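**Q** Just so it is clear: in the sequence shown, position 53 is 53 by the UniProt record's numbering, and no numbers are missing. Below: one structure in structure tokens.
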Amino acid sequence: MTQPELYISIVMASISFLEIWALLYYAIVEENMKMGSKVTFKTIFTPFTALLFVIIIANVGEYSVQAMLFAEDSKSIFPTDILKTIRSCCDCAGEYCYVVYSLLRADAIVKIVLPKIQPALKVIRRFVVPVAFLAQAGTRVVAIALASEPDKVEKIVLMSPLRSTACWLYLSMQFV
1 MTQPELYISI VMASISFLEI WALLYYAIVE ENMKMGSKVT FKTIFTPFTA LLFVIIIANV
61 GEYSVQAMLF AEDSKSIFPT DILKTIRSCC DCAGEYCYVV YSLLRADAIV KIVLPKIQPA
121 LKVIRRFVVP VAFLAQAGTR VVAIALASEP DKVEKIVLMS PLRSTACWLY LSMQFV
């Protein structure tokens, strides 16, 4: 890869790192101190703030690993498959937290507008979203586990919409 991609990844990781401090400033100063609340771990890391914090940490991780993948020197230190797996897990964690954050924010609105649907959204948030996260993050893990069988890995990757489910089904069949 080219150097601009490496520098862009580093800049994006740095910006994301600064976002952590901006979020902490907002949570501590704007949400607690200026409102006269006592600053505690619980008041800083509300469900919304905690999810935003994890999203930002996932972005820092994803961009940092992406920079390592673009850097020629790090390829000899860290195996590319491991770096890609870490990047995929960071990506999945960010997506998972974003979906949960969106469902939490929509919960009050749905309760007012469509109260019959609210229990279904809670079930989705509690059960469906974590399963989808595990299936998606597991794709890279299965790819590493099957590194000695590239034809099987290629088949799993080609099944794009179903690849995560297929990986987990294949993996579960290996242990039966």
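Quick reminder that beta carbons are idealized off the backbone N, C-alpha and C, glycines included. Everything numeric in this text was worked out from a predicted model, so none of it was measured.
If we call anything under 9 Å between Cβ atoms a contact, is A58 one with A93?
**A** Numbered from 1 along the sequence shown, position 58 holds the residue referred to as residue 58. Numbered from 1 along the sequence shown, position 93 holds the residue referred to as residue 93. The answer is yes: Cβ separation under 9 Å.
**Q** Rank L83, C97, V65 and R125 by C-alpha distance to the C-alpha of I10 and give the top, closest one.
**A** Locating residue 10 in the sequence shown gives position 10, where the first residue counts as 1. Closest option to I10, Cα to Cα, is V65.
**Q** Would the segment 81-92 count as touching the segment 131-138 if we require 3 or more Cβ pairs under 8 Å?
**A** They touch, by the three-pair rule.
**Q** In the structure shown, what three-state DSSP assignment does A71 receive?
**A** Stepping through the sequence shown from its first residue, residue 71 is reached at position 71. Coil at A71, not helix or strand.
**Q** In three-state terms, what does DSSP make of V123?
**A** Position 123 of the sequence shown, counted from the start, is the residue given in the question as residue 123. It is helical.
**Q** Taking DSSP as the reference, what is the three-state secondary structure of L51?
**A** What you label residue 51 is simply residue 51 of the sequence shown in a count that begins at 1. In the structure shown, L51 sits in a helix (DSSP, three-state: H, G or I).
**Q** Is the CB-CB distance between V142 and C97 below 9 Å?
**A** Locating residue 142 in the sequence shown gives position 142, counting from the first residue. Locating residue 97 in the sequence shown gives position 97, counting from the first residue. No. Outside cutoff.
**Q** Give the secondary structure of S102 by DSSP, where H, G and I count as helix, E and B as strand, and everything else as coil.
**A** Translated into positions along the sequence shown, residue 102 becomes position 102. Correct three-state label for S102: helix.
**Q** Give the range of the alpha helix (DSSP H) segment to which T42 is assigned.
**A** Within the sequence shown, the letter at position 42 stands for residue 42. According to the sequence displayed, residue 42 carries Lys and not Thr. Its alpha helix (DSSP H) spans residues F41 to I44.
**Q** How about the segment 38-49 and the segment 98-107: do they share at least three Cβ pairs that are nearer than 8 Å?
**A** Yes, they touch.
**Q** Of the residues E62, L18, S14 and K38, which one's Cα is nearest the Cα of K84?
**A** Within the sequence shown, numbered from 1, the residue matching residue 84 stands at position 84. For K84, the nearest C-alpha among the options comes from E62.
**Q** Quick check: A27 and I15, are their CB atoms within less than 9 Å of each other?
**A** In the sequence shown, the residue the question calls residue 27 occupies position 27. In the sequence shown, the residue the question calls residue 15 occupies position 15. In this structure, I15 does not lie closer than 9 Å to A27 by Cβ.
**Q** Mind checking whether residue 179 and I20 have CB atoms under 9 Å apart?
**A** With the chain covering 1 to 176 only, the question about residue 179 has no answer from this structure.
**Q** Assuming F70 and E5 make a contact with CB atoms under 8 Å, what is their CB distance in whole Å?
**A** Mapped onto the sequence shown, residue 70 falls at position 70. Mapped onto the sequence shown, residue 5 falls at position 5. About 5 Å; that satisfies the 8 Å criterion.
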